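What follows is one structure encoded as structure tokens, with my remarks underneath.
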Amino acid sequence: MFEKTYKSMNDQITPTPSLVADTVKLIQSHHRPKGCKSRPFYRRLFMIAAMLALCIVLATPVLAARIPAIYELMYLVSPEVAQLFMPVQEACEDNGIRMEVVSAYLHDNTAEIYITLQDLTGDRVDETTDLFDSYSIHRAFDSSATCQRVGYDSESKTATFLILITEWGDHDISGSKLTFSVREFISHKTSLEDVPVDINLARVEESSATQTIYAVGKSGINLSKYTSATNDFVVLNPGMSICAPISGLDVTAIGYIDGMLHIQLATSEKRTLDNHGYFYLVDKDGNQTQYDYSVSFIEGMDSNDRMDYQEFVFDIPKDEIGDYTLYGSFYTSGLHTEGRWQVTFPLMVSEDN
Numbered sequence: 002m003f004e005k006t007y008k009s010m011n012d013q014i015t016p017t018p019s020l021v022a023d024t025v026k027l028i029q030s031h032h033r034p035k036g037c038k039s040r041p042f043y044r045r046l047f048m049i050a051a052m053l054a055l056c057i058v059l060a061t062p063v064l065a066a067r068i069p070a071i072y073e074l075m076y077l078v079s080p081e082v083a084q085l086f087m088p089v090q091e092a093c094e095d096n097g098i099r100m101e102v103v104s105a106y107l108h109d110n111t112a113e114i115y116i117t118l119q120d121l122t123g124d125r126v127d128e129t130t131d132l133f134d135s136y137s138i139h140r141a142f143d144s145s146a147t148c149q150r151v152g153y154d155s156e157s158k159t160a161t162f163l164i165l166i167t168e169w170g171d172h173d174i175s176g177s178k179l180t181f182s183v184r185e186f187i188s189h190k191t192s193l194e195d196v197p198v199d200i201n202l203a204r205v206e207e208s209s210a211t212q213t214i215y216a217v218g219k220s221g222i223n224l225s226k227y228t229s230a231t232n233d234f235v236v237l238n239p240g241m242s243i244c245a246p247i248s249g250l251d252v253t254a255i256g257y258i259d260g261m262l263h264i265q266l267a268t269s270e271k272r273t274l275d276n277h278g279y280f281y282l283v284d285k286d287g288n289q290t291q292y293d294y295s296v297s298f299i300e301g302m303d304s305n306d307r308m309d310y311q312e313f314v315f316d317i318p319k320d321e322i323g324d325y326t327l328y329g330s331f332y333t334s335g336l337h338t339e340g341r342w343q344v345t346f347p348l349m350v351s352e353d354n
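Under my numbering, the letters of the sequence shown match residues 2 to 354, in that order.
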């Protein structure tokens, strides 16, 4: 009985002879021609592994859909071949969450796909559900793609997401299969925007408690003006919480370094809940001053005590800072859900075209 079932699964996605030939040509195209310099050893190992994976899958193609490592390896070698072997599966369930393709169609050079996420056992999916940049969109053609939440139904506990894909070339992608996968999401988000922060700026002093860190991120409207290409920055030493504008975010240091105001914001749940925020200044006339730049750094990156910091820097002289009030906007999440959700579906031309 198992033999018949397995054979039936294989028969549905068996590659054509021409595909096998094209795949062999693809692999051969990566071989080193005579006279070329030797590639690094790991490159040869990669190609050998890719060839073995493709040979296995060509013999038993259902493995591509069942073993993620093989699928990812195939996708690196040839997205077109990888997508061919993925069977159409427009809904899946994991960890009590159901993901389903509601519609997928083409018009002009744009594909619109609506996908829903529904909690079948609780209330983990809500109107603030965010895929947290954990989604992947695999397709066999060059394009740009975005995904955003566009709706929520409280009765069915279902969030709807719109995937927009714009094809870069003049190619017919009708009937091409697309694979969309999600590994985690956050929900029950709270936002506190444009609120005063309980710190008296007139009492801020020059700080000698500083350290040099390696920045894992940097941004700001005047970043290039005040920084160089290096990722080494002098920042404040983290201390105890001075105040907590919102649960999950703490101001851990404030002071002047080389004539510029530094304000440090810390969170212990950046990776799982994406807690974040920013500061700005408001003068007596209500005019806003944005931070000139910010740098991010991490302490205890691989430990259970990991802390993520972002330090905001303002070019406001110390003798003028008393004329300003500190404001900020802050965002936290209350729930982090992990799972393995993946759907594969064809792109169809809209009937309205």
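All C-beta atoms, glycine included, are put in the ideal place defined by N, C-alpha and C. If you're wondering where the values come from, they're calculated on a predicted model, not measured in any experiment.
For Ala-245, does the three-state DSSP call read helix, strand or coil?
Here Ala-245 sits in strand by DSSP.
Which first and last residues belong to the beta strand (DSSP E) in which Ser-188 is found?
Note, Ser-188: beta strand (DSSP E), 178 to 197.
Output the distance between the C-alpha atoms of Ile-247 and His-337, rounded to the nearest integer angstrom.
C-alpha separation (whole angstroms): 18 Å.
Just list the residues that DSSP pairs Lys-219 with in beta bridges.
Answer is Val-296.
Just checking: is the beta-carbon of Thr-333 within a distance shorter than 9 Å of some beta-carbon in chain C?
Of the protein chains in this structure there is only one, and it is not chain C.
Using the Cβ count rule (16 or more neighbours within 10 Å means buried), how would you classify Thr-130?
So Thr-130 counts as buried.
Please name the residue in Trp-342, Met-349, Thr-268, Asn-305 whose C-alpha comes closest to that of Leu-250.
Of the listed residues, the one whose Cα sits closest to Leu-250 is Thr-268.
Considering only C-alpha positions, which residue in the set Tyr-279, Ser-334, Ile-322 is nearest to Lys-285?
Here the closest residue by C-alpha is Ile-322.
On a CA-only basis, which of Met-302, Asp-306, Asp-171 is nearest Asp-109? Give me that one, please.
That would be Asp-171, whose Cα lies nearest to the Cα of Asp-109.
Here's the rule I'm using: 16 or more other beta-carbon atoms within 10 Å means buried, otherwise exposed. How should Arg-140 be labelled?
Label assigned to Arg-140: buried.
From this set, Gln-311, Asp-233, Asp-293, which residue's C-alpha is nearest Gln-265's C-alpha?
The residue with the shortest Cα to Cα distance from Gln-265 is Gln-311.
Under three-state DSSP, which class holds Leu-327?
Reduced to three states, the DSSP call for Leu-327 is strand.
Taking Cβ positions, are Ala-146 and Leu-348 nearer each other than 9 Å?
No, the pair does not count as a contact, with Cβ atoms beyond the cut-off.
Return the chain-ordered list of same chain residues with a C-beta closer than 7 Å to the C-beta of Ala-210, the five sequence neighbours on each side being excluded.
For Ala-210, where only same-chain residues beyond five positions count, the Cβ hits under 7 Å are Leu-237, Asn-238.
Assuming Asp-293 and Asp-275 form a contact by the criterion Cβ under 8 Å, report the distance between their Cβ atoms to the nearest whole angstrom.
Their Cβ separation, rounded to whole angstroms, is 24 Å, which puts Asp-293 and Asp-275 out of contact at 8 Å.
What number of angstroms, rounded off, separates the C-alpha of Phe-346 from the C-alpha of Glu-185?
Going by the C-alpha atoms only, they are around 21 Å apart.
Assuming Arg-204 is part of the beta strand (DSSP E), what are its boundary residues?
Unbroken run through Arg-204: none, as it is neither H nor E.
State the DSSP-derived secondary structure class of Arg-341, mapped to helix, strand or coil.
Reduced to three states, the DSSP call for Arg-341 is strand.
Within 10 angstroms of the Cβ of Ser-225, are there 16 or more other Cβ atoms? Answer buried if so, exposed if not.
Exposed, since its Cβ has fewer than 16 Cβ neighbours within 10 Å.
Under the assumption that Val-283 contacts Phe-181 (Cβ atoms under 8 Å), give the Cβ distance between them as a whole number of angstroms.
Their Cβ separation, rounded to whole angstroms, is 43 Å, which puts Val-283 and Phe-181 out of contact at 8 Å.
Starting from the C-beta of Val-205, find all residues in its chain whose C-beta is less than 8 Å away, skip the five residues before and the five after it, and write them out in chain order.
Answer for Val-205: Ile-255, Gly-256, Tyr-257, Leu-262, Lys-319, Ile-322, listed in chain order.
What are the boundary residues of the alpha helix (DSSP H) that includes Leu-250?
Looking at the DSSP string, Leu-250 is not in any alpha helix (DSSP H); the run it does join, the beta strand (DSSP E), is 250 to 258.
Just to confirm, is the Cβ distance from Pro-197 to Thr-326 under 9 Å?
Yes, the Cβ-Cβ distance between Pro-197 and Thr-326 is below 9 Å.
Just to confirm my understanding: we take Gly-152, look at its own chain, exclude 5 residues before and 5 after, and list those with CB closer than 8 Å. What are they?
Same-chain partners within the cutoff: Ala-160, Thr-161.
Find the nearest neighbour of Phe-133 within the set Leu-193, Gly-329, Ser-188, Lys-178, judged by alpha-carbon distance.
Answer by Cα proximity: Ser-188.
Going by DSSP, which residues form a beta bridge with Ala-105?
The partner list for Ala-105 (beta bridge, DSSP) reads Ile-114.
With a 10 Å radius around its C-beta and 16 neighbouring C-beta atoms as the bar for buried, classify Thr-333 as buried or exposed.
Label assigned to Thr-333: buried.
Indicate whether Trp-342 and Val-217 have their beta-carbon atoms separated by less than 9 Å.
Not a contact, by the Cβ cut-off of 9 Å.
When burial is assigned at 16 or more other CB atoms within 10 Å of the CB, is Cys-148 buried or exposed?
Buried, by the Cβ-count rule.
Can you check which of these residues, Gly-240, Tyr-279, Glu-194, is closest to Leu-300 by C-alpha distance?
It is Glu, not Leu, that sits at residue 300 in the sequence shown. When only C-alpha atoms are compared, the closest one is Gly-240.
Give the secondary structure of Arg-99 by DSSP, where H, G and I count as helix, E and B as strand, and everything else as coil.
Here Arg-99 sits in strand by DSSP.
Is Gly-97 near Thr-191, with beta carbons less than 9 Å apart?
Against a cut-off of 9 Å, the Cβ pair of Thr-191 and Gly-97 comes out as no contact.
Going by CA-CA distance only, name the one from Arg-125, Val-252, Tyr-279, Ile-222 that's closest to Gly-329.
Selected option, being the one with the closest Cα: Tyr-279.
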